[in-house]
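Novice: Structure in structure tokens, see below.
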Amino acid sequence: MLNCVYRLVAPRTFEPIQVEMDSAKGNVLVRPTHLSICNADQRYYQGRRSESVLAAKLPMALIHEGIGTVLRDDSGTCKRGDCVVMLPNNPHEEDPCIAENYLRTSEFCGSGYDGFMQECVLLSPSRIVPLPKSINKNVAAFTELVSVAVHAVSRFGMFSHSRKNTIGIWGDGNMGFIVSLVLRAIYPAAHLIVFGRNAYKMEDFTFVDETHLVHEIPKGIAVDHAFECCGGEGSSQAIDQIIDTIMPEGTVSLLGVSEQPVLVNTRMVLEKGLRLFGSSRSGRADFAATVQLYQDNPTILSYLEALVNQTYAIESISDMAQAFEADTRKSMGKTIMEWNV
Amino acid sequence: MIVAAILAGGSGVRMGNPDKPKQYYQLGTKPVLAHTIDKFCAHGQFDVVLVLCPETWLQQTRDLIERYCPEYSNGVHVAAGGQSRTDTVLKAIEWVDIHCEVEDDSIIVTHDAVRPFVSLRIISDNIEAAERFGACDTVIPATDTIVASENAATISEIPDRRNLYQGQTPQSFKLAKLKEVLLSLSDAEKEILTDACKAFVLRGEPVELVKGDIANFKITYPHDMRVAHAMLGVDEC
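The listed protein sequences derive, respectively, from chains A and D. In terms of the numbering used here, the first sequence opens at residue 273 and continues consecutively. In terms of the numbering used here, the second sequence opens at residue 16 and continues consecutively.
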């Protein structure tokens, strides 16, 4: 089938490209309906990646967070009209020790391979997870982001010691909000403390136990484990503060993406016997766990609704540019594109 | 019931002729017609997909569908079109009357086979507009200045371009209303009729505009085929 792919050909420039889609049997044809813009997409859109990266990866369709409607499924996994979340990670091998999202051979939509800004997306049946019919589609659009938090919290469960009385979350942005929410659901008895730079943002973390501005942390505060959800220039300061605040043998989960190398006070990491581990992206099991989490804890969806910042009806290239430009101006939350091309 | 009528009439010259209808030309790995059929079948909202082709091309059309659209071939029907566009649409209505149970609110979406770049959005918008208004036409704003001339020698009028649009397809209708309007036409009216929407306008019936797309162009001339190949990134024409 002829399929129109909306590729970023240069910073701030989308172009529609017609491609002949291989409708090989056994795959699922999905029409995207709700796409969510991520900071990683913005880095390409605004040209904030290095020249060499842009030259290597563009032209490319952006977006790796999205849901869609099944148009055709020869595999029998779904029926036409089913609402599904699309998985951006495409593994080419299985490894008994390494998760699909860390295999170097895996492809990732919107990072070197076309993302979901397409008229239709052809996916293997393992690359979709069905969603409940009644789900809020604007929230479901960023299930991928939630699954990244679920993945990190699940790894935290594997790597950390059993005392989880107090958990600190550094970062008052989207990821900090979602990680806190997932921790609340998985560890309801834990005392959650959020550390951020913006009091007005932290006011919305109504489900945690304490919030503190990073420059006004009370003396004597300590956490058993910590999550770094800052990224960018904030990573360094956050990791420093975590190392100061965390109890010995605590686990530090790193989630923030930084374009620059980050200095780490390894002396104190050694002295305290800390475990630092990184998490990136997610796999099918994390998506399935996220959808299960939605079903088991419907209040999570209510909290996530607060993150839907603005929605844009997309029918043309100019609509896409408008949504991306508006997204650059938001201070928090998610921009959702109601995709109808 | 929602019916797709893909109009692949064109001229009925036999195969092997270099002037064969453009819908049978190869575009990428498939004939143009197969791409159009794929899009309508993938859309998934149609109860019937009917291809109307020249009578001399009936069997070849069936063969091409089986070869190039195997996943949909069981659900695609082929029938002979008529001499003119209007005749072909009437043939589609006749076929549906014979083979299907037409309801009052049945919709027919008519589309040129030689517009393979139609989008799913345009098809969906057509169905919704036809359900809402009874008739709709897919258009894009006119970009060239349109000049009218009564004598083919001098300008008689230059209409305000802001009010002008270029017609594309699909054109979609409530099936029963379309039948009523087309059958009411006199021979003289049929002669000046270039498409079914004009018949609605002649009868004073409202026709809603659906936003088209410049990519949804009609492959008419050899130049268009080159453009289509270029859009797909295919070098050889």
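C-beta atoms are modelled at their ideal positions from N, C-alpha and C, and glycine is treated no differently.
Let me know the secondary structure DSSP gives aspartate 346 (chain A) once reduced to three states.
Specialist: coil
Novice: What do you get for alanine 107 (chain D), buried or exposed, if any count of 16 or more other CB atoms within 10 angstroms of its CB means buried?
Specialist: buried
Novice: Report, in whole angstroms, the separation of the C-beta atoms of isoleucine 155 (chain D) and aspartate 53 (chain D), which I expect to be a contact under 8 Å.
Specialist: Isoleucine 155 (chain D) to aspartate 53 (chain D), Cβ: 23 Å. No contact.
Novice: Are glycine 264 (chain A) and proline 283 (chain A) touching if we call contact CB-CB under 7 Å?
Specialist: An answer regarding residue 264 (chain A) cannot be provided, because it is not within the stretch 273 to 613 covered by chain A.
Novice: If you count every other CB in all the chains shown that lies within 10 Å of the CB of methionine 30 (chain D), and 16 or more means buried, which is it?
Specialist: Summary for methionine 30 (chain D): the model assigns pLDDT 48, below 50, so the residue's position carries little reliability, and this model does not support an answer.
Novice: With 8 Å as the limit, tell me which residues of the region 130 to 161 of chain D have their beta carbon closer than that to any beta carbon of chain A; keep them in chain order.
Specialist: Pro131, Phe132, Ser134, Leu135, Arg136 and Ser139
Novice: Check whether the Cβ atoms of phenylalanine 431 (chain A) and threonine 523 (chain A) lie closer than 7 Å to each other.
Specialist: yes
Novice: Closer than 8 Å, Cβ to any Cβ of chain D: which residues of the region 297 to 331 of chain A, in chain order?
Specialist: Identification of residues in the region 297 to 331 of chain A having a C-beta nearer than 8 Å to some C-beta of chain D yields Lys297, Leu301 and Arg303, given in sequence order.
Novice: What residues from chain A crowd round glutamate 81 (chain D), counting only those whose CB sits closer than 7 Å?
Specialist: Going along chain A, no residue has its Cβ under 7 Å from glutamate 81 (chain D), so there is no contact; the nearest lies around 15 Å.
Novice: Of all the CB atoms in chain A, is at least one closer than 7 Å to the CB of glutamate 251 (chain D)?
Specialist: Note that glutamate 251 (chain D) has pLDDT 47, beneath the 50 cutoff, so the model's placement of it is unreliable and no number is given.
Novice: Taking only runs that begin and end inside the region 522 to 562 of chain A, name each unbroken beta strand (DSSP E) of 3 or more residues, in chain order.
Specialist: 523 to 526 and 547 to 550
Novice: Alpha carbons only, please: which of D:Asn141, D:Leu48 and D:Ala94 is nearest the one belonging to isoleucine 113 (chain D)?
Specialist: D:Ala94
Novice: Got a sec, what are the start and stop residues for the beta strand (DSSP E) glutamine 98 (chain D) sits in?
Specialist: Looking at the DSSP string, glutamine 98 (chain D) is not in any beta strand (DSSP E), and its letter there is neither H nor E.
Novice: Spatial neighbours of glutamate 251 (chain D) within its chain, please: CB distance less than 6 Å, with the 5 preceding and 5 following residues excluded, ordered by chain position.
Specialist: Reliability fails at glutamate 251 (chain D), whose pLDDT of 47 lies under 50, so the model's placement of it is uncertain and the value that follows must be treated cautiously. Closer than 6 Å at the Cβ level, and outside the excluded window around glutamate 251 (chain D), lies no residue.
Novice: Could you tell me whether the Cβ of glycine 59 (chain D) comes closer than 7 Å to any Cβ of chain A?
Specialist: Cβ-Cβ to chain A under 7 Å: yes for glycine 59 (chain D).
Novice: According to DSSP, is glutamate 70 (chain D) part of a helix, a strand, or is it coil?
Specialist: Secondary structure at glutamate 70 (chain D): helix, using DSSP grouped into helix, strand and coil.
Novice: Which same chain residues, not among the five before or five after leucine 330 (chain A), have their C-beta less than 8 Å away from its C-beta?
Specialist: Arg279, Leu280, Val281, Ala282 and Tyr316
Novice: If you follow the beta strand (DSSP E) that tyrosine 180 (chain D) is part of, which residue opens it and which one closes it?
Specialist: Counting along the chain, the beta strand (DSSP E) containing tyrosine 180 (chain D) begins and ends at 180 to 189.
Novice: What are the start and end residues of each continuous beta strand (DSSP E) run of 3 or more residues lying completely inside the region 281 to 337 of chain A, in chain order?
Specialist: 285 to 292 and 300 to 308
Novice: 7 Å is my cut-off, CB to CB: does glycine 43 (chain D) come that close to chain A?
Specialist: yes
Novice: So is glutamate 253 (chain D) buried or exposed if we call it buried at 16+ other beta carbons inside 10 Å?
Specialist: No information on residue 253 (chain D) is available, as it lies outside the stretch 16 to 252 that chain D covers here.
Novice: Ends of the beta strand (DSSP E) at tyrosine 584 (chain A)?
Specialist: 580 to 586
Novice: If you run the structure through DSSP and keep just helix, strand and coil, what is glutamate 505 (chain A)?
Specialist: coil
Novice: Using a Cβ-Cβ cutoff of 8 Å, what residues of the region 397 to 431 of chain A are near chain D? List them in chain order.
Specialist: none
Novice: Could you say which of D:Cys68, D:Val117 and D:Pro221 lies nearest to alanine 145 (chain D) if we only look at CA atoms?
Specialist: D:Pro221
Novice: Beta-carbon of arginine 279 (chain A) versus every beta-carbon of chain D: anything under 7 Å?
Specialist: The beta carbon of arginine 279 (chain A) sits no closer than 7 Å to any beta carbon of chain D.
Novice: Assuming isoleucine 335 (chain A) contacts leucine 307 (chain A) under a Cβ cut-off of 8 Å, what Cβ separation, rounded to an integer in Å, is found between them?
Specialist: 5 Å
Novice: Establish whether the CB of aspartate 239 (chain D) and some CB of chain A are separated by less than 7 Å.
Specialist: no
Novice: Examine chain A for any beta-carbon lying closer than 7 Å to the beta-carbon of leucine 22 (chain D), and answer yes or no.
Specialist: no
Novice: Nearest CA to the CA of aspartate 476 (chain A): which residue from A:Asp386, A:Val277, A:Ser574 and A:Glu505?
Specialist: A:Ser574
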